[in-house]
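Take a look at the structure set out below.
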Amino acid sequence: MPQQVRGVIARSKGAPVEVTTITIPDPGPGEVVVKIQACGVCHTDLTYREGGINDEFPFLLGHEAAGIVEEVGAGVESVTVGDFVILNWRAVCGQCRACKRGRPQYCFNTHNAAQKMTLGDGTELTPALGIGAFADKTLVHEGQCTKVDADADPAVVGLLGCGVMAGLGAAVNTGNVSRGDSVAVIGCGGVGDAAIMGARLAGAGTIIAVDRDPRKLEWARELGATHTVNATDEDTVEAVQALTGGFGADVVIDAVGRPETWRQAFYARDLAGTVVLVGVPTPDMQLEMPLVDFFSRGGALKSSWYGDCLPERDFPMLVDLYQQGRLPLERFVSERIKLDEIEDAFHTMHAGEVLRSVVVL
Numbered sequence: 001m002p003q004q005v006r007g008v009i010a011r012s013k014g015a016p017v018e019v020t021t022i023t024i025p026d027p028g029p030g031e032v033v034v035k036i037q038a039c040g041v042c043h044t045d046l047t048y049r050e051g052g053i054n055d056e057f058p059f060l061l062g063h064e065a066a067g068i069v070e071e072v073g074a075g076v077e078s079v080t081v082g083d084f085v086i087l088n089w090r091a092v093c094g095q096c097r098a099c100k101r102g103r104p105q106y107c108f109n110t111h112n113a114a115q116k117m118t119l120g121d122g123t124e125l126t127p128a129l130g131i132g133a134f135a136d137k138t139l140v141h142e143g144q145c146t147k148v149d150a151d152a153d154p155a156v157v158g159l160l161g162c163g164v165m166a167g168l169g170a171a172v173n174t175g176n177v178s179r180g181d182s183v184a185v186i187g188c189g190g191v192g193d194a195a196i197m198g199a200r201l202a203g204a205g206t207i208i209a210v211d212r213d214p215r216k217l218e219w220a221r222e223l224g225a226t227h228t229v230n231a232t233d234e235d236t237v238e239a240v241q242a243l244t245g246g247f248g249a250d251v252v253i254d255a256v257g258r259p260e261t262w263r264q265a266f267y268a269r270d271l272a273g274t275v276v277l278v279g280v281p282t283p284d285m286q287l288e289m290p291l292v293d294f295f296s297r298g299g300a301l302k303s304s305w306y307g308d309c310l311p312e313r314d315f316p317m318l319v320d321l322y323q324q325g326r327l328p329l330e331r332f333v334s335e336r337i338k339l340d341e342i343e344d345a346f347h348t349m350h351a352g353e354v355l356r357s358v359v360v361l
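The sequence shown begins at 1 in the UniProt record's numbering and counts up by one.
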């Protein structure tokens, strides 16, 4: 029968989030109820609260999560009750034109639960990225659950559900960073630092972190950056070129997502180098550049969606690397908080004081 649990919602644009009672329906065909163990506080959740995604309030926030499968609906085959899973917002369909062309990381028809979770009065909730995991339990499609080793710390590996995977995948999957490459990352928050970690994992020789915050630059160095550039004091393009023999980096990753940072990334790369945009721009942003520069410099200009990941392929592998001590994902967990501390965590995150606050349930 339907369950009543705690959940954190954004009731209207800009209003403080609140903990309230929500209703989780019994799972239908292809659906799964997951008992949440931990969920990271991601900037996307704040963007939902501010109305930056859409206006389908009220939102059930939270999406970087891990937990235990509690119930399964009819026809569910990929997970069973008791499985430890990381939730993801790309549940590939296997049938769309991208999937059929062997590019499931670009699936155009990802699955979410068909049923809606609701407030006590029946008001339907919009779950953040189709997940809604700032809650004791949530309802998702089975394809949004990726089974991993149950011995892993949920507060750590749950972060693969969004920001860490986005950054790490931007380097490894989208940027195709390989051994000996030079890499520059503009913006050293959680996503940017994950890109730095990914570049290090791939064997990059020179890894340049660019930011305006000395604290973030220190975090970046701890996570694998070989050089740092304070963009307040130095010209980003000139500094990256100086650190790469005057040529520019083989791969430049823009983890900010603004016209000025993308332009810096474009000119800070070597001829025929690669630019990867993983920071998310707002709809009003415009880019104006000489077209001849695109032609004369060659190379590749890419956008990275969720680190171009395949959760069922990438999550178990990365969890294994973490447990072997080869991928220090635990460094992203700055603090562990309670469900009723999320509003404070938004302020802490906005001030750049943490890489990730993680709600532990």
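Just so you know, even glycine gets a beta-carbon here, dropped at the ideal spot from N, CA and C.
Here the structure is a predicted model, which is why all the values come from computation and not from measurement.
For residue i, the three-state DSSP class (helix, strand or coil)
i	result
K100	helix
T282	coil
A128	helix
R258	coil
K116	coil
N176	coil
S78	coil
R215	helix
L223	coil
D250	strand
V92	coil
L160	helix
V354	coil
F108	coil
D121	coil
L287	coil
G73	coil
M197	helix
G187	coil
G192	helix
Classification of residue i by the beta-carbon crowding that lies within 10 angstroms, buried from 16 upward
i	result
A150	exposed
N109	exposed
F134	buried
P340	In the sequence under discussion, the amino acid at residue 340 is Asp, which differs from the Pro named in the question. By the neighbour-count rule (16 or more Cβ atoms within 10 Å), D340 is not buried but exposed.
K13	exposed
G40	buried
E56	exposed
R101	exposed
Q144	buried
P214	exposed
P259	exposed
V292	exposed
Q105	buried
Q37	buried
K338	exposed
M117	buried
E64	buried
H111	buried
Start and end residues, alpha helix (DSSP H) containing residue i
i	result
T236	T236 to A242
V156	P154 to V157
G169	G163 to G169
V292	L291 to R297
Residues bridged to residue i [DSSP beta-bridge criterion]
i	result
R6	T21
T206	S182
K147	V85
I68	K35 and F84
L60	I9 and P127
A135	G7
V140	V32
V229	V210
Start and end residues, beta strand (DSSP E) containing residue i
i	result
R269	R269 to L277
V360	S357 to V360
Residue-level contact to chain C via CB, residue i, 9 Å cutoff
i	result
A113	Of the protein chains in this structure there is only one, and it is not chain C.
Checklist entry - Curious, which full-length alpha helix (DSSP H) runs of at least 4 residues does the stretch 11-53 contain? => result Runs of alpha helix (DSSP H) with 4 or more residues, each lying fully within the stretch 11-53, are found at 43-49, listed in chain order.
Item to check | Entirely enclosed beta strand (DSSP E) segments - the stretch 301-350, minimum 3 residues | outcome: Qualifying beta strand (DSSP E) stretches, in chain order: 335-337.
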